[in-house]
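Peer 1:
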Amino acid sequence: MKGYHDIVGDGGSGILDQVAELRSRITDGLAGVRNLVAVGSGKGGVGKSTLTLHLAGALRARGLRIAILDADFNGPSQARMGGVQQAVFVPGTHKVSLPRTSDGIAVFSMGSVIPESEALDFESAAHGESHTWRATREFSLLGEILASFEWGEIDLLLFDLPPGAERTVQYADFLEPRTSFVLVTIPSDVARGVVARSAAALSKGSHRILGYVENMSGYYCRDCNAVKPLFLSSDPVALDVPCLGTIPFDPELARHCDLGIPFTALRDTPVGRGLDQVAQRLLDAL
Amino acid sequence: MKFLCVPCDTPMKLQTVAPPERGSLSIVYACPECGYEMAMLTNAYETQAVQSLGVRIGPDSDSTTTAPSGSTCPFSAMIPGTEDARGDGAEPAPVQWTAAAEARLAKIPEFVRPMARTGIERFARDKGIFEVDEQILDEARDFFGM
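Chains as they are written, first to last, in this note's numbering: chain A, -16 to 269; chain B, 690 to 835.
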């Protein structure tokens, strides 16, 4: 009697062929992207999205062509922060054109598709059992986005990853092997501990970890024009990856994010200088 | 998943897929040798597992195969500016699409299609134009800074 591997095809749908075709479309769509960098952490609330957008701004200010894919489908923030919440996606001749921030960064974010008063939802045959299928559906959506949008000829595509150490690894498994990772932490032992776990999990795969960025590294007081301590750690958890730089917390940065004001407005501040340093070290590492 | 007709030792071919009913798909396979037919009836978890992969289920020869989810956009009800979500009661002037413009729209992912259509039609109306063609699409790209 024939076994599974003796039979060519599946008798109809060609499901494996469809999956392979999507993979091929993704590869074609990203052919003009010189570097893929995923910004993750494992820990939530450390400023991954803020760092992603403003790091993109710092790179853009150097004349590089940059795009961001907001892969946090359930908590998208790049649309608001990049000022493209009201963007209209226009079909090009082959793919969908991407909206751009005022400083020219192409952005895809679910925040441009779904209003903030709504949550991302999918049709489901298995009602109330989303834990059994939801992650698969979201990665299918990610594949469709990568394959269908016009990334073009660019220097760098930044992925803004959702929180969760296991999610970071899932994205590593899904994204092309040439994708490198930047991890974001804050100077708390709790955050560094989670980021250390993410780094350990990622190191089991073939993806490069370029380094980590310490966000909220002190508090920038505009009155004193000085950076003061924000988190006090006596014995910080070691991270066995290079530090790409430190970014102080600046309430003005948070305000800029809410209003969608680009990086250039903060360039001559400790935050701007920190981001510029991270940009340089990132480029050196790539 | 593959099906084998054991008496004939021949792979079975997918014949038909019925749309999901209460979360279950009915997929009929037949043996090309003896004609024996069998149906695979999925439970909701199995239906959803296939649905989540974003693949089409159907026989080789059917190019309009039935997706397990049907063809409705799962996002359309929550996308701002779509007909369902507009909610202001006003009927905007109808805008026609040329076949070429429709073809371009059809290439984009289903989840952004309603939003793209609405935004482009609004752009056209604002210009006093009531037919979207490829030139309008290109102008919209420029207008929206793409």
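From the three backbone atoms N, C-alpha and C, an ideal C-beta is built for every residue, glycine too.
#1: Contact criterion: CB-CB distance below 8 Å. Does Leu693(B) meet it with respect to chain A?
#2: Can you tell me whether Met199(A) is buried or exposed? The criterion is at least 16 other CB atoms within 10 Å of its CB, across all chains shown.
#3: Just grab the DSSP bridge partners of Val79(A) for me.
#4: Taking Glu106(A) as the reference, which of Thr787(B), Arg811(B), Phe800(B) and Glu791(B) has the closest Cα?
#5: Could you check which residue in Thr168(A), Arg264(A), Leu47(A) and Gly46(A) has the C-alpha nearest to that of Val220(A)?
#6: Which residues in chain B have a C-beta closer than 7 Å to the C-beta of Ala108(A)? List them in chain order.
#7: Within 8 Å of any Cβ in chain A, is that where the Cβ of Ala829(B) sits?
#8: For Thr731(B), which three-state DSSP category applies?
#9: On the three-state DSSP scale, how would you describe Val2(A)?
#10: Whose Cβ in chain A lies nearer than 9 Å to the Cβ of Val821(B)?
#11: Establish whether the CB of Gly15(A) and some CB of chain B are separated by less than 8 Å.
#12: In the DSSP assignment, what are the bridge partners of Cys723(B)?
#13: Please classify Thr807(B) as buried or exposed, where buried requires at least 16 other C-beta atoms within 10 Å of its C-beta.
#14: Closest to Glu136(A) by C-alpha separation, out of Ala237(A), Gly255(A), Asn18(A) and Glu197(A), would be which residue?
#15: Over what stretch of residues does the beta strand (DSSP E) that includes Gln704(B) continue unbroken?
#16: Let me see if you follow: with CB-CB separation under 8 Å, is Val90(A) close to chain B or not?
#17: Along the alpha helix (DSSP H) that carries Val152(A), what are the first and last residues, could you check?
#18: Would you list the residues sitting across from Thr229(A) in a DSSP beta bridge?
#19: Considering only their Cβ atoms, is the gap separating Thr151(A) from Gly23(A) smaller than 8 Å?
#20: State yes or no: is the beta carbon of Arg175(A) nearer than 8 Å to at least one beta carbon in chain B?
#21: List the DSSP bridge partners of Gln824(B).
#22: Among Thr33(A), His37(A), Val2(A) and Gly30(A), whose alpha-carbon lies nearest the alpha-carbon of Ser741(B)?
#23: From the DSSP output, in three-state form, read off Leu215(A) for me.
#24: What span of residues does the alpha helix (DSSP H) with Leu794(B) cover, start to end?
#25: For Gln68(A), name the three-state secondary structure that DSSP assigns.
#26: Between Leu222(A), Ala130(A) and Arg120(A), which has its C-alpha nearest Val739(B)'s C-alpha?
#27: Taking just the CA atoms, how far does Gly(-5)(A) sit from Phe157(A)?
#28: If you count every other CB in all the chains shown that lies within 10 Å of the CB of Phe232(A), and 16 or more means buried, which is it?
#29: Closest to Gly747(B) by CA distance: which of Asp827(B), Ala733(B), Ala782(B) and Tyr718(B) is it?
#30: CA-CA distance, Lys691(B) and Cys697(B)?
#31: Ignore the nearest five residues each way along the sequence and tell me which others in Ala707(B)'s own chain have a CB closer than 6 Å to its CB.
#32: What does DSSP give as the partner residues of Ile192(A) in its beta bridges?
#33: Does any residue of chain A have a CB that is nearer than 8 Å to the CB of Pro781(B)?
#34: Could you give the distance in angstroms between the alpha-carbon of Ile244(A) and the alpha-carbon of Tyr734(B)?
#35: With a cut-off of 8 Å, do at least 3 Cβ pairs link the segment 52 to 66 of chain A to the segment 80 to 88 of chain A?
#36: For Arg17(A), which three-state DSSP category applies?
Peer 2: Let's see:
#1: Your numbering for residue 693(B) matches position 4 in the second sequence. Chain A contact via Cβ: present.
#2: The count along the first sequence starts at 1 and reaches residue 199(A) at position 216. The residue in question, Met199(A), is buried, as its Cβ has 16 or more Cβ neighbours within 10 Å.
#3: Counting from 1 along the first sequence, the entry for residue 79(A) is found at position 96. Per DSSP, Pro74(A) and Phe132(A).
#4: By one-based count along the first sequence, residue 106(A) stands at place 123. Checking every option, the nearest Cα to that of Glu106(A) belongs to Phe800(B).
#5: One-based indexing of the first sequence puts residue 220(A) at position 237. Minimum Cα distance to Val220(A) is reached at Thr168(A).
#6: Counted from its first residue, the first sequence places residue 108(A) at position 125. Result: Pro709, Gly712, Ala733, Thr736, Gln737 and Gln740.
#7: As a first step, residue 829(B) must be located in the second sequence, where it is residue number 140. Yes - at least one Cβ of chain A is within 8 Å of the one on Ala829(B).
#8: Within the second sequence, numbered from 1, the residue matching residue 731(B) stands at position 42. Residue state, collapsed to three classes: coil.
#9: Counted from its first residue, the first sequence places residue 2(A) at position 19. Correct three-state label for Val2(A): helix.
#10: Numbered from its first residue, the second sequence carries residue 821(B) at position 132. Identification of chain A residues near Val821(B) by a Cβ-Cβ cut-off of 9 Å yields none; the smallest Cβ-Cβ distance measures about 10 Å.
#11: For the purposes of this step, residue 15(A) is taken as the residue at position 32 of the first sequence. For Gly15(A), the answer is no, since every Cβ of chain B falls outside 8 Å of its Cβ.
#12: By 1-based counting over the second sequence, the position of residue 723(B) is 34. Answer is none; Cys723(B) lacks a bridge partner.
#13: Against the second sequence, residue 807(B) aligns to sequence position 118. Answer is buried; the Cβ neighbour count reaches 16.
#14: Position 153 of the first sequence, counted from the start, is the residue given in the question as residue 136(A). With distances taken between Cα atoms, Glu136(A) lies closest to Asn18(A).
#15: The residue you call residue 704(B) lines up with position 15 of the second sequence. Note, Gln704(B): beta strand (DSSP E), Lys702 to Glu710.
#16: One-based indexing of the first sequence puts residue 90(A) at position 107. Cβ-Cβ to chain B under 8 Å: no for Val90(A).
#17: Position 169 of the first sequence, counted from the start, is the residue given in the question as residue 152(A). Residues Ala148 to Phe157.
#18: Here residue 229(A) refers to the residue found at position 246 of the first sequence. Partner(s): Glu197(A).
#19: Counting from one through the first sequence, the residue named residue 23(A) turns up at place 40. Counting from one through the first sequence, the residue named residue 151(A) turns up at place 168. Cβ atoms of Gly23(A) and Thr151(A): closer than 8 Å.
#20: As a first step, residue 175(A) must be located in the first sequence, where it is residue number 192. False, the Cβ-Cβ gap to chain B never drops below 8 Å.
#21: Taking the second sequence and counting its residues from 1, one reaches residue 824(B) at position 135. DSSP, once it has assigned bridges, lists no residue as partnering Gln824(B).
#22: Stepping through the second sequence from its first residue, residue 741(B) is reached at position 52. That would be Val2(A), whose Cα lies nearest to the Cα of Ser741(B).
#23: Residue 215(A) sits at position 232 when you count from the first residue of the first sequence. Leu215(A): coil per DSSP, three-state reduction.
#24: Here residue 794(B) refers to the residue found at position 105 of the second sequence. Residues Ala788 to Ala795.
#25: Translated into the one-based positions of the first sequence, residue 68(A) becomes position 85. Gln68(A): coil per DSSP, three-state reduction.
#26: Walking along the second sequence from the start, residue 739(B) turns up at place 50. Ranking the options by Cα distance to Val739(B), first place goes to Arg120(A).
#27: For the purposes of this step, residue 157(A) is taken as the residue at position 174 of the first sequence. For the purposes of this step, residue -5(A) is taken as the residue at position 12 of the first sequence. In a straight line, the C-alpha of Phe157(A) is about 26 Å away from that of Gly(-5)(A).
#28: One-based indexing of the first sequence puts residue 232(A) at position 249. Buried, since its Cβ has 16 or more Cβ neighbours within 10 Å.
#29: The residue you call residue 747(B) lines up with position 58 of the second sequence. Looking at the Cα atoms, Tyr718(B) is the closest of the given residues.
#30: By one-based count along the second sequence, residue 691(B) stands at place 2. By one-based count along the second sequence, residue 697(B) stands at place 8. Distance between the alpha carbons of Lys691(B) and Cys697(B) is about 15 Å.
#31: As a first step, residue 707(B) is located in the second sequence; it is residue number 18 there, counting from the start. Excluding positions up to five away in sequence, the list reads Ser715.
#32: Translated into positions along the first sequence, residue 192(A) becomes position 209. BP columns for Ile192(A) point to Phe164(A).
#33: For the purposes of this step, residue 781(B) is taken as the residue at position 92 of the second sequence. By this cut-off, Pro781(B) is not an interface position.
#34: As a first step, residue 244(A) is located in the first sequence; it is residue number 261 there, counting from the start. As a first step, residue 734(B) is located in the second sequence; it is residue number 45 there, counting from the start. So the two alpha carbons sit approximately 45 Å from each other.
#35: Contact holds: three or more Cβ-Cβ distances are below 8 Å.
#36: Here residue 17(A) is taken as the residue at index 34 of the first sequence, counted from 1. Strand, per DSSP.
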